[in-house]
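Asks: Have a look at this one before I ask anything.
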Amino acid sequence: PSSDPRLIERIISNDQHWCDDINTQPFSESCEQAVLNGLSRALGILIERYGYNWQAWRWGTAHKAPLAHQLLGRLPMIGGLFRQDVEMDGGNYTVLRAAGRAGDAGEYPVTHGAGYRAVYDLANLDDSLMMIATGQSGRPFSSRFDSFVAQWQAGQFIQIPRFTADAADDVSGAAILTFSPQASSQQQATQ
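If you read the sequence shown in this note's numbering, its first letter stands for residue 106, the second for the next number, and so on.
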């Protein structure tokens with residue numbers, strides 16, 4: 106598909122030369138015929154793939170975002186354990202950018218989009234909203250590895266207020282790590 110304004114203008118103005126299928130000589134198709142032929146072919150492909158009930162068709166069935174661990178998700182045989190293909194709304198020209206290209210078997214896999222989304226409230230940063238595609242952890246065996254996938258897919262956000270020591274008891278699952286140097290063997294001997 107093209108968004109070239111000159112092409113659209115020619116189609117709208119019914120420029121016979123532009124729309125004519127040279128493979129059907131001596132016939133000359135109008136732009137209206139070319140559009141109807143294209144629509145007919147597209148509907149045939151969609152019906153073959155998704156059935157006659159067009160109301161049951163879902164864009165997400167063909168338009169999926171691959172969420173994979175950068176290293177483990179690419180390994181042969183086990184890569185699928187570290188990868189999720191998530192149905193996505195959006196497209197090239199939408200606010201929810203999820204660009205893709207036609208692939209094999211009539212799929213339109215997402216090739217470009219926002220893995221991290223944020224709306225910053227500069228007047229009060231605690232009111233800022235954010236979301237990451239996978240989860241809080243980059244470790245594949247962590248329970249937080251893909252903890253945000255469903256929320257990201259639904260276009261939801263979370264707030265992350267600034268962490269204070271007073272709030273530590275109020276934060277579910279909060280952990281404070283304290284690093285201190287290990288005593289040397291000489292210090293341990295004197296203790």
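Beta carbons: idealized from backbone N, C-alpha and C, even for Gly.
A quick note: this is a predicted structure, and the numbers were derived from the prediction, not measured.
Quick one: measure Cβ to Cβ for Met236 and Ile263, integer angstroms, because I've assumed they're closer than 8 angstroms.
Replies: Along the sequence shown, one-based indexing puts residue 236 at 131. Along the sequence shown, one-based indexing puts residue 263 at 158. Indeed they touch by this definition, with Cβ atoms about 6 angstroms apart.
Asks: Provide the residue(s) that pair with Met236 in DSSP beta bridges, ordered along the chain.
Replies: Counting from one through the sequence shown, the residue named residue 236 turns up at place 131. Met236 is bridged to Arg222.
Asks: With 16 other CB atoms within 10 Å as the buried threshold, where does His217 fall?
Replies: Residue numbering aside, residue 217 sits at position 112 when the sequence shown is read from its first letter. Exposed, because fewer than 16 other Cβ atoms sit within 10 Å of the Cβ of His217.
Asks: Locate the alpha helix (DSSP H) running through Gln258, then write down its first and last residues.
Replies: Mapped onto the sequence shown, residue 258 falls at position 153. Here the alpha helix (DSSP H) through Gln258 covers Val254 to Gln258.
Asks: In chain order, what residues of the same chain lie with their CB nearer than 8 angstroms to the CB of Lys169, ignoring the 5 residues before and after it?
Replies: Residue numbering aside, residue 169 sits at position 64 when the sequence shown is read from its first letter. Around Lys169: Asp190, Val191, Glu192, Met193, Glu212, Pro214 and Val215.
Asks: Once you ignore the five residues that flank Ala238 on each side, which residues in its own chain have a CB closer than 6 angstroms to its CB?
Replies: Within the sequence shown, numbered from 1, the residue matching residue 238 stands at position 133. So the list reads Leu172, Gly220 and Trp257, once near-sequence residues are dropped.
Asks: Do Pro245 and Leu201 have their beta-carbon atoms positioned less than 8 angstroms apart in this structure?
Replies: Indexing the sequence shown from 1 puts residue 201 at position 96. Indexing the sequence shown from 1 puts residue 245 at position 140. No, the pair does not count as a contact, with Cβ atoms beyond the cut-off.
Asks: Just to check my reading of the structure: Gln261 and Arg249 have Cβ atoms closer than 8 angstroms, yes? What is that Cβ distance to the nearest angstrom?
Replies: The residue labelled residue 261 in the question sits at position 156 within the sequence shown. The residue labelled residue 249 in the question sits at position 144 within the sequence shown. That pair is no contact at about 17 angstroms.
Asks: Does the distance from the CB of Glu134 to the CB of Cys124 come in under 8 angstroms?
Replies: Counting from one through the sequence shown, the residue named residue 134 turns up at place 29. Counting from one through the sequence shown, the residue named residue 124 turns up at place 19. Result yes, Cβ atoms of Glu134 and Cys124 sit closer than 8 angstroms.
Asks: How big is the Cα-Cα spacing for Asn197 and Ala167?
Replies: Residue numbering aside, residue 197 sits at position 92 when the sequence shown is read from its first letter. Residue numbering aside, residue 167 sits at position 62 when the sequence shown is read from its first letter. Approximately 15 angstroms between the Cα atoms of the pair.
Asks: Taking the C-alpha atoms as reference points, what is the distance between Gly165 and Ser285?
Replies: For the purposes of this step, residue 165 is taken as the residue at position 60 of the sequence shown. For the purposes of this step, residue 285 is taken as the residue at position 180 of the sequence shown. C-alpha separation (whole angstroms): 50 angstroms.
Asks: Going by beta-carbon coordinates alone, are Ala223 and Leu230 separated by less than 8 angstroms?
Replies: Indexing the sequence shown from 1 puts residue 223 at position 118. Indexing the sequence shown from 1 puts residue 230 at position 125. Taking 8 angstroms as the Cβ cut-off, Ala223 and Leu230 do not qualify as a contacting pair.
Asks: Could you pull the DSSP bridge partners for Arg154 from this structure?
Replies: Numbered from 1 along the sequence shown, position 49 holds the residue referred to as residue 154. In the DSSP output, where bridge partners are listed per residue, Arg154 has none listed.
Asks: Report yes if the CB atom of Gly195 is closer than 8 angstroms to the CB atom of Ala207, and no otherwise.
Replies: Reading the sequence shown from its first residue, position 90 is the one you call residue 195. Reading the sequence shown from its first residue, position 102 is the one you call residue 207. Going by C-beta atoms, Gly195 is not nearer than 8 angstroms to Ala207.
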